[in-house]
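Here is the structure we will look at, set down as structure tokens.
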Amino acid sequence: MVYLNGDFIAKDKASISVMDRGFLFGDGVYEVIPAYNGKIFRPTEHLDRLQKSLDSIQITNPYSHNKWINILNKLVNHSSSTNQSLYLQITRGTDTKRKHNFDALTPTIYVESNPLTSKTKQELSKGFSAISAQDIRWSRCDIKATSLLANVLYAQDAKKHNVEEVILYRDNQITEGATSNVFILKNNILYTHPTGANILSGITRDLVLESASACSIQIQESSFSLDNIFTSDELWISSSTREIMPITKLDNKPINQGKVGAIWGCVFEYYQRLKND
Ligand code: PLP
């Protein structure tokens, strides 16, 4: 069952017009929200970010906070999966003619839920590989836009190289991952790119910072270079569906001699507690 424009229907019955601006231009925004044990995780944070994305592209939020929560809960409760990943998308709507500029339209609203399997500590403790690449995306990466061509190409590159993520740099400073935020730990200080137009302000990013503080780690929201990664003690990526992953190899070179660090373990444990609160 999925939600489309007011109706809960079977996924194979859900369809939209070819004149939808989401289809024609990628003119829309989205959110990915995890639910653990049937409970939506950090709904207010995700819906606040959705509001910011909508405001940035001049779409009026079609629903109140409560209406969104009701739709999300209905999908979560309908599924038999304990943990789920909710995907929510709003496009500007269906036009009469393909043109770049827009008039006021009725937004197209789509929500689906899929099973979410989190990796165990043991699985994560093996460490993961990543590659680096120049950040070729536009200058409003703070908007969670459905137009994701650069990210699609990065994901394909990651698949080709059999790595977990592509870590991006702009002017020799690491911004974020193609689908995640990036952190390095050096001498018990955690560094991550500051929020702003060059990164998506990850909901998990905030929780990583909270978890690291709880592990007595100092936080510094400042950018760092590719070279800083290779001399760091730990490298992590974070996202709602992957949580906090230790990266132990970048561009085929080991980080921290290819070993997962101890602080990651503390942050991982604290994050699990937040999930189960
Ligand atoms: N940065 C980018 C480019 C992303 O696509 C994502 C998530 O998909 C994130 C960061 C992490 O955001 P969140 O923690 O809210 O899932």
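Just so you know, the sequence shown maps onto residues 15 to 291 in the numbering used here.
Each residue gets a CB set at the ideal place from its N, CA and C atoms; glycine is no exception.
Could you tell me the alpha carbon to alpha carbon distance between Arg-112 and Phe-39, rounded to whole angstroms?
As a first step, residue 112 must be located in the sequence shown, where it is residue number 98. As a first step, residue 39 must be located in the sequence shown, where it is residue number 25. Taking the straight line joining both Cα atoms gives about 9 Å.
Less than 9 Å between the C-beta atoms of Arg-35 and Arg-106, yes or no?
For the purposes of this step, residue 35 is taken as the residue at position 21 of the sequence shown. For the purposes of this step, residue 106 is taken as the residue at position 92 of the sequence shown. Contact flag set, yes.
According to the Cβ coordinates, are Ile-54 and Asn-87 closer than 9 Å?
Numbered from 1 along the sequence shown, position 40 holds the residue referred to as residue 54. Numbered from 1 along the sequence shown, position 73 holds the residue referred to as residue 87. Yes, these two residues count as a Cβ contact at 9 Å.
Apart from the five residues just before and just after Glu-257, which ones in its own chain have a Cβ nearer than 7 Å to its Cβ?
Counting from one through the sequence shown, the residue named residue 257 turns up at place 243. For Glu-257, where only same-chain residues beyond five positions count, the Cβ hits under 7 Å are Ser-132, Thr-218 and Tyr-285.
Keeping to the same chain, check which residues put their C-beta closer than 6 Å to that of Lys-200; ignore five residues upstream and five downstream.
Taking the first residue of the sequence shown as position 1, residue 200 is located at position 186. Taken in chain order, the residues that qualify are Ser-246 and Asp-247.
Verify whether the separation of the beta carbon atoms of Leu-223 and Ile-233 is less than 9 Å.
Sequence index remark: in the sequence shown, residue 223 carries index 209 (1-based). Sequence index remark: in the sequence shown, residue 233 carries index 219 (1-based). Yes, Cβ-Cβ distance for Leu-223 and Ile-233 is below 9 Å.
Give the C-beta separation of Val-274 and Gly-141 to the nearest angstrom, bearing in mind that I take them to be a contact with Cβ-Cβ under 8 Å.
Taking the sequence shown and counting its residues from 1, the one referred to as residue 274 is at position 260. Taking the sequence shown and counting its residues from 1, the one referred to as residue 141 is at position 127. Correct: roughly 5 Å between the Cβ atoms.
Suppose the cutoff is 6 Å on Cβ atoms and the five residues either side in sequence are ignored; what does the same chain contact list for Ser-161 look like?
Translated into the one-based positions of the sequence shown, residue 161 becomes position 147. Gly-40, listed in sequence order.
Any residues whose CB sits closer than 6 Å to a heavy atom of the ligand PLP? List them in chain order?
Those residues are Val-46, Glu-190, Thr-193, Ser-194, Asn-195, Leu-214, Gly-216, Ile-217, Thr-218, Arg-219, Ser-252, Ser-253 and Ser-254, given in chain order.
Would you list the one or two residues that DSSP bridges to Arg-184?
Here residue 184 is taken as the residue at index 170 of the sequence shown, counted from 1. Bridge partners of Arg-184: Gln-187.
Looking only at its own chain, which residues have a Cβ that is under 6 Å from the Cβ of Tyr-50, when we skip the five neighbours before and after it?
Here the question's residue 50 lines up with position 36 in the sequence shown. Asn-97 and Lys-289, listed in sequence order.
List in chain order: all unbroken beta strand (DSSP E) runs of 3+ residues lying wholly within the segment 135 to 218.
142 to 148, 179 to 184, 187 to 191, 195 to 200 and 203 to 206
Is Val-32 buried or exposed, if buried means 16 or more other CB atoms sit within 10 Å of its CB?
Counting from one through the sequence shown, the residue named residue 32 turns up at place 18. By the neighbour-count rule (16 or more Cβ atoms within 10 Å), Val-32 is not buried but exposed.
Does the segment 58 to 67 come close enough to the segment 261 to 279 to have 3 or more Cβ pairs within less than 8 Å?
no
Here's the rule: buried if 16 or more other CB atoms are within 10 angstroms of the residue's CB, otherwise exposed. What is Asn-270?
By one-based count along the sequence shown, residue 270 stands at place 256. With 16 or more Cβ atoms within 10 Å of its Cβ, Asn-270 is classed as buried.
C-beta contact flag for Ala-226 and Leu-249 at 9 Å:
Stepping through the sequence shown from its first residue, residue 226 is reached at position 212. Stepping through the sequence shown from its first residue, residue 249 is reached at position 235. Cβ distance not < 9 Å, so Ala-226 and Leu-249 don't count as in contact.
Anyone know if the C-beta pair for Ile-198 and Gly-191 falls short of 9 Å?
Counting from 1 along the sequence shown, the entry for residue 198 is found at position 184. Counting from 1 along the sequence shown, the entry for residue 191 is found at position 177. No; because the gap between Cβ atoms is not below 9 Å, this pair is not in contact.
C-beta neighbour in chain D for Phe-197, strict 9 Å:
This model lacks chain D altogether; it includes just one protein chain.
May I have the straight-line CA-CA distance separating Tyr-101 from Ile-157, to the nearest angstrom?
As a working note, residue 101 is residue 87 in the sequence shown. As a working note, residue 157 is residue 143 in the sequence shown. Roughly 16 Å between the two C-alpha positions.
For Asp-26, name the three-state secondary structure that DSSP assigns.
Indexing the sequence shown from 1 puts residue 26 at position 12. Collapsing the DSSP output to three states places Asp-26 in a helix.
For Asn-80, which option in Gln-72, Pro-57, Asn-91 and Ile-243 has the closest C-alpha, if you only look at C-alpha atoms?
As a first step, residue 80 must be located in the sequence shown, where it is residue number 66. It is Pro-57 whose Cα lies nearest to the Cα of Asn-80.
Selection from Tyr-17, Ser-99, Thr-193 and Ile-251 that minimises the alpha carbon distance to Val-125:
In the sequence shown, residue 125 corresponds to position 111, counting from 1. For Val-125, the closest C-alpha among the options Tyr-17, Ser-99, Thr-193 and Ile-251 is that of Tyr-17.
Just the C-alpha distance for Val-293 and Ser-254, rounded to the nearest angstrom, thanks.
Residue 293 is absent from the structure shown; the chain starts at 15 and stops at 291.
Quick one, which of Asn-186, Cys-229 and Gly-210 has its alpha-carbon nearest Ile-243's?
Counting from 1 along the sequence shown, the entry for residue 243 is found at position 229. Comparing Cα positions, the closest option is Asn-186.
Only counting the same chain, and skipping five residues up and downstream in sequence, which positions put a Cβ closer than 8 Å to that of Gln-148?
Counted from its first residue, the sequence shown places residue 148 at position 134. Correct list, in chain order: Leu-182, Tyr-183 and Arg-184.
Which complete beta strand (DSSP E) runs does the segment 71 to 119 hold, if anything under 3 residues is left out?
98 to 105
Report the residue from Val-177, Ile-231, Phe-238 and Ser-252 whose alpha carbon sits nearest the alpha carbon of His-207.
Mapped onto the sequence shown, residue 207 falls at position 193. The residue with the shortest Cα to Cα distance from His-207 is Phe-238.
If you count every other CB in all the chains shown that lies within 10 Å of the CB of Asn-115, and 16 or more means buried, which is it?
Residue numbering aside, residue 115 sits at position 101 when the sequence shown is read from its first letter. So Asn-115 ends up on the exposed side.
What residue from Asn-128, Asn-165 and Ala-159 has the CA that sits closest to His-92's CA?
Taking the sequence shown and counting its residues from 1, the one referred to as residue 92 is at position 78. Nearest C-alpha to His-92: Asn-128.
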